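A short worksheet on the structure shown next.
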Amino acid sequence: MEKKKSEGKKLEKDLSYKKENFFVVSSDEKIKAAFDYAEDYKKYIDHSKTEREAVKASVALCKEKGYKEYRFGDELKAGGRYYYNNRGKSLAVFKIGTANVGKDGIRILASHIDSPRLDIKQNPLYEDSSMAFLKTHYYGGIKKYQWTAIPLALHGTVALKNGKTVDIAIGEGENDPVFYVNDLLPHLSREQYSKNLSQAIDGETLNVLVGGLPFKDDDVKDAIKLTVLKHLHDDFGMCESDFLSAELCVVPAFNARDIGFDRALIGAYGHDDRVCSYPALTALLNEKDDEHTVLVVLADKEEIGSEGNTGMQCKVYEDIIDIIAASQNQPSALVRANSVCLSADVTAGYDPNFAGVFEKKNASLVSYGTSICKFTGSGGKGGSNDASAELCGRVRKIFDDNKIVWQTAELGKVDAGGGGTVAKFIAKLNIDTIDIGVPVISMHAPYEVISKGDLYSTYEAFAAFIR
Ligand code: MN
Ligand code: MN
């Protein structure tokens, strides 16, 4: 009887699947490595609040590791390490392997560096009732009510009428002013309370408060607006018409901080998707081996459908694959057919406070490691890439062989909603592609939460994948 009991336990262990918490199964050394890695990540995202800033921060890391800027027409050499800067808004970082790229293919990690925010309109500045405002059009899927009554920073680039461009970042320094979107006091919110969440704040009320000091001259009609214009002119050489050729973004003014007594979690703006971009980039930059060809894409515009010439649907990424193939006289079709891509984007972490929208058995749990998402999409896998069993098996074996803490993910309950990412655009090139990423709590909120264990296991997973 005793014997049978322990046999059952062994059989259960051998046959059953159970996912594991990174902090439970990892050694103290590994947990320390995860915490150390998180410190570097926090620095990276604090300097990467827009895609342009993420490109700058990433290029700086590339240069530190001896990567050289590639321009179309340049020659690629085996063992060479390069980055291609696409208009300052997206980046392709790659190393050319010594192995035959036709046979070996390219190991691709694709993530995005844009995040939901408020974009300033082209003719935005006005004053009303002793306050000056900038009008905005939100970018990506935000819950509008979350962006009111918090400190905001202004970042972006302005093409001035004199032909020069100027970069702006206000609200990050300790002594910088910040900006603000007004909300209604509870005392007068009876009507607002009766609206549903998506309607409680109207898109046209997301106006950013930028001033309140009138220019002292009785002949001036909009004296507060003029004070704001004078600041913009004195500090950046801007006139009002320069807003017409500007990309200015309003983002949360707060920086990344550890969350909780034990500091296991990190709160920050824009984890989606820099929490996958940073592991993808650093996995490549830290890889010393010359054998395999690896491509890391940090794309723009994912939050609005991967459109435009900096989004993942742009042909430039295919062009780079063509050029890598040509550098070894291999047909691009063969290279693509033998390539594999991890589409690195965040997933929804299971939140017990909102348990109703998840199916716990298939949801990704915070701290249970990097999350493979076989399919995304919504309403019957609509719009999903849906990776094959064979590809899941191949990736799973790499992770298990390298003792990576990983789990599977599903973006919410069937019929609860859903979403998609860049995977399908890479898969279209005849490249085996699967979604993977870090579970996020409060995704798309001004302050999102992730686990240091998931961040680090994602880094380890990417490093194992490209090795
Ligand atoms: Mn994303
Ligand atoms: Mn997103």
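Everything in the sequence shown is counted per the working numbering, starting at 990 for the first residue and increasing by one.
A virtual CB, placed ideally from N, CA and C, is assigned to each residue, including glycine.
Computed from a predicted model, the values in this text were never measured in an experiment.
Residue i - partner residues in DSSP beta bridges
i, result
"methionine 1120", "Asp1117"
"leucine 1284", "Phe1083 and Ile1097"
"histidine 1222", "Per DSSP, none; premise fails for histidine 1222."
"phenylalanine 1168", "Leu1141"
"glutamine 1317", "Glutamine 1317 pairs with nothing; no bridge assigned."
"tryptophan 1395", "Thr1359"
"alanine 1158", "His1144"
"leucine 1177", "Paired residues: none, contrary to the question."
"asparagine 1112", "Asparagine 1112 pairs with nothing; no bridge assigned."
"arginine 1070", "Lys1084"
"tyrosine 1445", "DSSP lists no partner for tyrosine 1445."
"arginine 1106", "Tyr1128"
"threonine 1271", "Its beta-bridge partners do not exist; DSSP assigns none."
"valine 1438", "Gly1256 and Ile1430"
Residues of its chain near residue i, where Cβ-Cβ distance is below 7 Å and the 5 sequence neighbours each way are ignored
i, result
"threonine 1154", "Thr1146, Val1147 and Ala1148"
"aspartate 1035", "Asn1244 and Ala1245"
"tyrosine 1445", "Ala1022, Ala1023 and Tyr1026"
"glycine 1345", "none"
"leucine 1221", "Met1227"
"lysine 1078", "Glu1040, Arg1041, Val1044, Asp1289 and Thr1299"
"alanine 1326", "Asn1419"
"aspartate 1278", "Arg1456"
"glutamate 1307", "Leu1418"
"isoleucine 1248", "Leu1254, Ile1255, Gly1256 and Val1438"
"glutamine 1181", "Leu1173 and Ala1189"
"isoleucine 1020", "Phe1012"
"tyrosine 1448", "Tyr1026, Pro1268, Thr1271 and Ala1272"
"glutamine 1111", "Phe1232 and Leu1233"
Short Cβ contact (8 Å threshold) for residue i with residue j
i, j, result
"threonine 1359", "isoleucine 1415", "no"
"alanine 1099", "valine 1286", "yes"
"alanine 1272", "leucine 1141", "no"
"lysine 1421", "alanine 1412", "According to the sequence as given, residue 1421 is aspartate; it is not lysine. Not in contact: aspartate 1421 and alanine 1412 (Cβ atoms no closer than 8 Å)."
"valine 1324", "isoleucine 1309", "no"
"valine 1335", "serine 1440", "no"
"proline 1428", "glycine 1338", "yes"
"phenylalanine 1012", "glycine 1442", "yes"
"alanine 1046", "tyrosine 1033", "yes"
"isoleucine 1139", "threonine 1125", "no"
"glycine 1091", "proline 1320", "yes"
"proline 1080", "asparagine 1074", "Sequence check: residue 1080 is leucine here, not proline. Against a cut-off of 8 Å, the Cβ pair of asparagine 1074 and leucine 1080 comes out as a contact."
"phenylalanine 1232", "leucine 1114", "yes"
"tyrosine 1127", "glycine 1192", "yes"
"threonine 1410", "serine 1332", "yes"
"glycine 1406", "cysteine 1265", "no"
"phenylalanine 1347", "glycine 1401", "yes"
"asparagine 1374", "phenylalanine 1364", "yes"
"arginine 1096", "valine 1305", "no"
"lysine 1038", "valine 1240", "yes"
"lysine 1150", "serine 1230", "yes"
Close beta carbons around residue i, own chain, < 6 Å, minus the five adjacent residues each side
i, result
"glutamine 1457", "Nothing can be reported for residue 1457, as the shown portion of the chain is limited to 990 through 1456."
"glutamate 1292", "Asp1103, Pro1105 and Gly1129"
"asparagine 1351", "Glu1399"
"glycine 1460", "Since the first residue shown for the chain is 990 and the last is 1456, residue 1460 is missing from the structure and cannot be characterised."
"lysine 1057", "Tyr1071"
"glycine 1069", "Ile1085"
"alanine 1257", "Ile1034 and Ala1245"
"serine 1234", "Ala1148"
"phenylalanine 1204", "Ala1212, Leu1215 and Thr1216"
"alanine 1067", "Ile1085 and Thr1087"
"histidine 1176", "none"
Cβ neighbours of residue i in the same chain (closer than 8 Å, five flanking residues each side left out)
i, result
"asparagine 1318", "none"
"glutamate 1276", "Lys1084, Val1283, Ala1452, Ile1455 and Arg1456"
"isoleucine 959", "What the structure shows of the chain is the stretch from 990 to 1456, and residue 959 is not part of that stretch, so it cannot be assessed."
"threonine 1137", "Val1170, Asn1171, Asp1172, Ile1190 and Leu1195"
"leucine 1186", "Lys1132 and Tyr1134"
is_contact[residue i, chain B] using C-beta, thresh 8 Å
i, result
"threonine 1194", "The structure shown has no chain B; it contains just one protein chain."
Contact test: residue i Cβ vs ligand 4 heavy atom, cutoff 7 Å
i, result
"histidine 1433", "Ligand 4 is not among the ligands present in this structure, which contains only ligand 1 and ligand 2."
Residues around ligand 1, please: the ones whose beta-carbon is closer than 6 Å to some heavy atom of it, in chain order.
Taken from the N-terminal end onward, the list reads His1101, Asp1261, Asp1262, Glu1291, Asp1334, Val1335 and Thr1410.
Counting pairs of beta carbons, one from the region 1162 to 1170 and one from the region 1192 to 1208, are three or more of them closer than 8 Å?
Flag = yes, the region 1162 to 1170 and the region 1192 to 1208 touch.
Pairs of beta-carbons, one from the region 1209 to 1220 and one from the region 1117 to 1127, closer than 8 Å: are there three or more?
yes
How do the region 1024 to 1031 and the region 1047 to 1058 stand: do at least 3 beta-carbon pairs fall below 8 Å, yes or no?
no
Stretch pair the region 1429 to 1437 + the region 1252 to 1268: three plus CB contacts closer than 8 Å
Yes: the two stretches touch, three or more of their Cβ pairs being nearer than 8 Å.
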